[in-house]
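Below, the structure is given as C-alpha coordinates:
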(Lines of atoms letter the chains of each structure in order from A and count residues from 1; the text may use other names and numbers.)
(Lines give C-alpha, C1' and ligand atoms only; values in the text may rest on other atoms or scores of the structure.)
Protein backbone atom coordinates (compact mmCIF):
# COMPACT_ATOMS: atom_id res chain seq x y z
CA UNK A 1 0.00 0.00 0.00
CA UNK A 2 1.38 3.40 -0.86
CA UNK A 3 1.27 6.38 1.48
CA UNK A 4 -1.38 8.21 -0.53
CA UNK A 5 -3.75 5.27 -0.33
CA UNK A 6 -3.22 4.93 3.43
CA UNK A 7 -4.04 8.61 3.92
CA UNK A 8 -7.14 8.24 1.77
CA UNK A 9 -8.37 5.28 3.84
CA UNK A 10 -7.63 7.11 7.10
CA UNK A 11 -9.54 10.21 6.02
CA UNK A 12 -12.45 8.13 4.68
CA UNK A 13 -12.82 6.24 7.95
CA UNK A 14 -12.64 9.50 9.95
CA UNK A 15 -15.28 11.03 7.68
CA UNK A 16 -17.47 7.94 8.12
CA UNK A 17 -17.23 8.12 11.93
CA UNK A 18 -18.05 11.83 11.81
CA UNK A 19 -21.08 11.28 9.56
CA UNK A 20 -22.35 8.47 11.81
CA UNK A 21 -22.20 10.74 14.87
CA UNK A 22 -23.99 13.56 13.05
CA UNK A 23 -26.68 11.18 11.82
CA UNK A 24 -27.32 9.73 15.29
CA UNK A 25 -26.68 12.67 17.64
CA UNK A 26 -26.30 15.79 15.50
CA UNK A 27 -23.33 18.12 15.84
CA UNK A 28 -21.72 17.51 19.25
CA UNK A 29 -18.86 19.98 19.22
CA UNK A 30 -15.17 19.53 19.76
CA UNK A 31 -14.98 18.17 23.32
CA UNK A 32 -18.14 16.06 23.55
CA UNK A 33 -17.64 12.34 22.94
CA UNK A 34 -20.18 9.52 22.75
CA UNK A 35 -19.62 5.76 22.61
CA UNK A 36 -20.38 4.39 19.16
CA UNK A 37 -22.29 1.14 18.61
CA UNK A 38 -19.82 -1.74 18.24
CA UNK A 39 -21.59 -2.98 15.10
CA UNK A 40 -20.91 0.37 13.40
CA UNK A 41 -17.29 0.48 14.58
CA UNK A 42 -16.67 -3.09 13.36
CA UNK A 43 -18.22 -2.33 9.97
CA UNK A 44 -16.16 0.85 9.49
CA UNK A 45 -12.97 -0.99 10.48
CA UNK A 46 -13.78 -3.76 7.99
CA UNK A 47 -14.52 -1.26 5.22
CA UNK A 48 -11.42 0.88 5.87
CA UNK A 49 -8.72 -1.37 7.39
CA UNK A 50 -5.90 0.36 9.25
CA UNK A 51 -2.26 -0.65 9.14
CA UNK A 52 -1.96 0.54 12.79
CA UNK A 53 -5.04 -0.96 14.46
CA UNK A 54 -4.66 -4.61 15.48
CA UNK A 55 -7.33 -5.02 18.13
CA UNK A 56 -6.79 -6.56 21.53
CA UNK A 57 -3.77 -8.84 21.85
CA UNK A 58 -3.32 -11.08 24.88
CA UNK A 59 -0.06 -10.42 26.78
CA UNK A 60 2.72 -13.01 26.87
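Numbering (full-length UniProt numbering), first residue to last: 1 to 60.
Here a beta-carbon is modelled for each residue, glycine too, at the ideal position from N, C-alpha and C.
For clarity, every value in this text was computed on a predicted model and none was experimentally measured.
#1: Helix, strand or coil for residue 46 per DSSP?
#2: CA-CA distance, residue 10 and residue 26?
#3: DSSP state of residue 22, grouped into three classes?
#4: Thinking residue 53 and residue 45 are a contact (beta carbons under 8 Å), I'd like their distance in whole angstroms, please.
#5: Under 7 Å from any heavy atom of the ligand GTP, does the C-beta of residue 38 make it?
In terms of the structure at hand:
#1: helix
#2: 22 Å
#3: helix
#4: 7 Å
#5: This structure does not include the ligand GTP; it has no bound ligands of any sort.
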